[in-house]
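In our numbering, the protein residues as written are 11 to 585.
All remarks here apply to the structure that follows.
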């Protein structure tokens, strides 16, 4: 369900104020030419990140401060549930990956050393941590156990995009739980749910915890943490009390008015009409009155998946329902088993047919005739073709869950949790002796969080064309003090004193003491997005005041004599 947000801690304060005159903050006036996502544009313009190549990004000093804020929050919450921090290598032998069957994953970097030994660059660390567990865990007395680390991951991403949202190298926190049985795993899983909920709340982002597919990780169950935003690559289906990734979401399909009076199929000539829309328009039917046949290779077997014309095949749900790998059939395979593309259907074929559960066997439909320029009307599932039925479609906005229509929102995946079970322990020989002395496989869980994605999600949710409005818990500095005067001015003297007083009070403070115009300083301050801005200018000092602006509030003048203490109190109220 959707959750709110609140500021957290994760302070980075030191004794000295950071001065922009001697700081590397490479802000930009214009967006990067190739940037589409708001976070990509703003994080580059604010001087937080710089690109080294496609999918390779460096964190500049201010951006690294944000990243460290996130990891500090993660570390505190992992320690709170008893997690033990460690560090495992990125470069590792390929053998464990071969044993678990993951060595051929396309995204995995594979290489050889000078002795031709096979190595991999880890994209996750189940193989490494399970190898250690196999060596070190002997008895039920050694369990339960939670191990975690913060480490670089490498991924041969085919389409790096959106700045730090999809990269080839990134830092991830991954944790692993080790238990005696499924009941123990359930307890460890719930501990991580509590920790993750707190992490995302403290990071100040809006988020959902949703049901998800286990994917290449394997296991029995999984949830993803999603941050809704326009740049999200995932889609989340939402209804009161329900949230799921569209990859696995289920819902009751919207009804469609159909006939149910035919005795047998009737051939209809449809020259050149190869799309659902063309055929439905020609025959005066809703698109849901047609059946869409999608040829796939399911575990090596040519199969026809059939969904309503207004629905889409969900290959993940299809693969999960069939328990096999699935790919789209090639044009040659389709021609060999059925007929010309655009006119294929399930009637009169000798190939397996999997019918989506939203298709009624009591109504008539229009299907392809497996001949060029022809369709069949009055086709009824069960009477005119046999099938296996399963939920294999993607849900659509307006479908019903518990009587309520769902909405679908784009979102960024910022974390995930998996019940791995014994998938890795059995493959790598991680066993323990139970109370009766019998050897049992360790039951495992896996839990990941992407700090960079959390930072980008905060920018996506709270940024604008003007700049970033960071959550108080993630901002690179708590307060920025602007001195609108030259190097020998009273403005700079006063600004320096106030900045140091605030730093001494425990805040992280940035002082803009550059020889730059007020316009440039204000523009950069908007980009950087500190929660509190204090401006010291000549006109204000003439009235013994300074200007203070708190994120989301109007600017206000504050008495110079009390400005430091008042701003410190405001900062404490935010944190």
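Don't be surprised by glycine CBs; every beta carbon is placed ideally from N, CA and C.
- If you look at residue 162, you'll find it in the beta strand (DSSP E) that goes 155-164.
- According to DSSP, residue pairing for residue 429 in a beta bridge involves 231 and 455.
- Residue environment for residue 31: exposed (fewer than 16 other C-beta atoms within 10 angstroms of its C-beta).
- For the stretch 201-279, the full-length beta strand (DSSP E) segments reaching 3 residues or more read 217-221, 231-238, 244-249, 252-255 and 276-279 along the chain.
- In this chain, the beta strand (DSSP E) harbouring residue 119 covers 119-122.
- The C-beta of residue 471 has 16 or more other C-beta atoms within 10 Å across all chains shown, which makes the residue buried.
- In the DSSP assignment, residue 385 falls outside any alpha helix (DSSP H) and lies within the beta strand (DSSP E) extending over 384-389.
- In the displayed model, residue 473 falls within a strand according to three-state DSSP.
- Counting only runs of 4 or more residues that sit fully inside the stretch 126-155, the alpha helix (DSSP H) segments are 136-146, in chain order.
- Residue 290 counts as buried, since at least 16 other C-beta atoms from the protein chains shown sit within 10 angstroms of its C-beta.
- Taking 8 Å as the cut-off, the Cβ atoms of residue 316 and residue 364 count as close.
- In this structure, DSSP gives residue 115 a state outside helix and strand, which the three-state scheme calls coil.
- When 417, 297 and 392 are compared, the shortest CA-CA separation from residue 252 is found for 417.
- Counting along the chain, the unbroken beta strand (DSSP E) around residue 378 starts and ends at 375-378.
- When the Cα atoms are used, residue 267 and residue 297 turn out to be separated by approximately 11 Å.
- When rounded, the separation of the alpha-carbon atoms in residue 206 and residue 125 is 43 Å.
- Three or more beta-carbon pairs drawn from the stretch 46-57 and the stretch 466-484 are found closer than 8 Å, and the two stretches are therefore classed as touching.
- Secondary structure at residue 461: helix, using DSSP grouped into helix, strand and coil.
- Of the residues assessed, residue 582 falls on the exposed side of the cut-off, its CB having fewer than 16 other CB atoms within 10 angstroms.
- Beta-bridge analysis with DSSP links residue 581 to no other residue.
- Using a C-beta cut-off of 8 Å, the stretch 476-491 makes contact with the stretch 543-551, since at least three inter-stretch Cβ pairs fall below that distance.
- Per DSSP, the unbroken alpha helix (DSSP H) holding residue 552 starts and ends at 548-552.
- Sequence-distant partners of residue 215 (beyond 5 residues in either direction) whose C-beta falls short of 8 Å from its own C-beta, in its chain, are 15, 237, 424, 464, 467, 468, 471 and 481.
- Taking C-beta atoms under 8 Å as the contact rule, residue 83 and residue 73 fail to qualify, at a distance of about 16 Å.
- Taking a cut-off of 8 Å for Cβ pairs, the stretch 163-171 and the stretch 126-135 touch, as three or more such pairs fall below it.
- Per DSSP, the beta bridge partners of residue 28 are 520.
- Contact between residue 280 and residue 388 does not hold, since the beta-carbon distance rounds to 14 Å and is not under 8 Å.
- Residue 357 sits in coil when the DSSP states are folded into three classes, being neither helix nor strand.
- The residue from 402, 382 and 247 with its alpha-carbon nearest to that of residue 353 is 382.
- Within the model, the alpha-carbon separation for residue 98 versus residue 179 is close to 16 Å.
- Looking at the DSSP output, residue 67 shares a beta bridge with 61.
- Rounded to the nearest angstrom, the gap between the Cα atoms of residue 438 and residue 144 is 7 Å.
- Per DSSP, the unbroken beta strand (DSSP E) holding residue 101 starts and ends at 101-103.
- In terms of CA proximity to residue 255, 326 leads the group 453, 326 and 446.
- Residue range 325-332 is occupied by the alpha helix (DSSP H) that includes residue 330.
- Segment contact: the stretch 320-334 against the stretch 400-409, three or more CB-CB distances shorter than 8 Å; contact assigned.
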